[in-house]
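Residue numbers (our numbering): 1151 to 1426.
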């Protein structure tokens, strides 16, 4: 009977181990997502502390955008440090996108850290005759970056804060899908005289990435009601991943304990029957 008991013991140990590993794999994406969001928030906090130093270059930034509108090729008024650090953040309460860090550039390295301003488009500080394109990945390494902008519809709003400027609100008025290999793919992102437009861009369909989805937003005033609403959304959504992680962890632990107790109880019961 001793070899039989030893075999049963190893079988139970392996079974319990597989259960624990399975629950850990289920929990891992949630924990990872929470850690990424916390990292994003720290980046935004650093940016907010540096705002006072960036407001001095407002005139230079606006001159750059004005030159772009005149089809000139001005020198980018961003220091090397600014080009490699957060220059702002974008939020869209409708899809629970909160304080996504904005960088300058749209190369793979930049977009692995957040979203980026497409070179050759206006800097995202608003103003007449500006069109800024902000690009972000979809379906990227368990991170939710621009995955959900496909759920933004006409009338929804998103908000951009960048380069020491106050937050600007944009109302979605158009959605288009373009083939990046087309000669006319960038035509819709041409600056329109007198208008203040920001475009959110991502790959589509998710995991296939053969086309590009562009969400166009036109600048609108920020009202007191909008400010209260977005602040409330920010508070609830920012805390959701933290509480969700705790709940999932507790449920997972309870499930592992319950299953372990049930397996050990049945094993002991079967052994008692064999001995008798």
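Virtual Cβ for every residue (Gly too), placed ideally from N, Cα, C. Here the structure is a predicted model, which means the values were calculated and not measured.
> Does DSSP classify residue 1271 as helix, strand or coil?
Replying inline: On the chain shown, residue 1271 is found 121 positions in, with the first residue counted as 1. Three-state DSSP puts residue 1271 in coil, outside helix and strand.
>> Just to confirm before moving on: does the CB-CB distance between residue 1272 and residue 1359 stay below 8 Å?
In response: Residue 1272 sits at position 122 when you count from the first residue of the chain shown. Residue 1359 sits at position 209 when you count from the first residue of the chain shown. Not closer than 8 Å, so no.
> Based on the DSSP secondary-structure assignment, which residues constitute the bridge partners of residue 1284?
Replying inline: As a first step, residue 1284 is located in the chain shown; it is residue number 134 there, counting from the start. According to DSSP, residue 1284 bridges with 1267, 1350.
>> As a quick exercise: from 1247, 1301, 1173, pick the residue whose alpha carbon is nearest that of residue 1294.
In response: Here residue 1294 is taken as the residue at index 144 of the chain shown, counted from 1. It is 1247.
> Is it right to say residue 1405 is buried, meaning 16 or more other beta carbons lie within 10 angstroms of its own, or is it exposed?
Replying inline: One-based indexing of the chain shown puts residue 1405 at position 255. Residue 1405 comes out exposed.
>> Counting beta carbon pairs with one atom in the stretch 1249-1259 and one in the stretch 1328-1337, are three or more of them shorter than 8 Å?
In response: no
> Do you know how far the Cα of residue 1323 is from the Cα of residue 1348?
Replying inline: Here residue 1348 refers to the residue found at position 198 when the chain shown is read from its first residue. Here residue 1323 refers to the residue found at position 173 when the chain shown is read from its first residue. C-alpha separation (whole angstroms): 11 Å.
> Could you give the distance in angstroms between the alpha-carbon of residue 1241 and the alpha-carbon of residue 1353?
Replying inline: Along the chain shown, read from residue 1 onward, the residue named residue 1241 stands at position 91. Along the chain shown, read from residue 1 onward, the residue named residue 1353 stands at position 203. Looking at the two C-alpha atoms, the distance is approximately 19 Å.
> For residue 1298, which residues from the same chain have a beta carbon less than 6 Å from its beta carbon, with the 5 sequence-adjacent residues on both sides left out?
Replying inline: On the chain shown, position 148 is the one that residue 1298 refers to. Same-chain partners within the cutoff: 1245.
> In chain order, what residues of the same chain lie with their CB nearer than 7 Å to the CB of residue 1207, ignoring the 5 residues before and after it?
Replying inline: Taking the first residue of the chain shown as position 1, residue 1207 is located at position 57. Counting only Cβ-Cβ distances below 7 Å, and skipping sequence neighbours, we find 1227.
> Who does residue 1320 pair with in a DSSP beta bridge?
Replying inline: Within the chain shown, the letter at position 170 stands for residue 1320. DSSP lists 1308, 1369 as partners of residue 1320.
>> Short of 8 Å in beta carbon distance, which residues of its chain neighbour residue 1302, apart from the five on each side in sequence? Order them along the chain.
In response: The residue labelled residue 1302 in the question sits at position 152 within the chain shown. Result list for residue 1302: 1242, 1244, 1245, 1308, 1322, 1325, 1350, 1365, in chain order.
>> So for residue 1360, helix, strand or coil by DSSP?
In response: Start at 1 with the first residue of the chain shown, and residue 1360 comes out as number 210. Coil.
> Taking the alpha carbon of residue 1270 as the point to measure from, which residue in 1284, 1316, 1288 has its own alpha carbon closest?
Replying inline: Your numbering for residue 1270 matches position 120 in the chain shown. Residue 1284 is the option with its Cα nearest to residue 1270.
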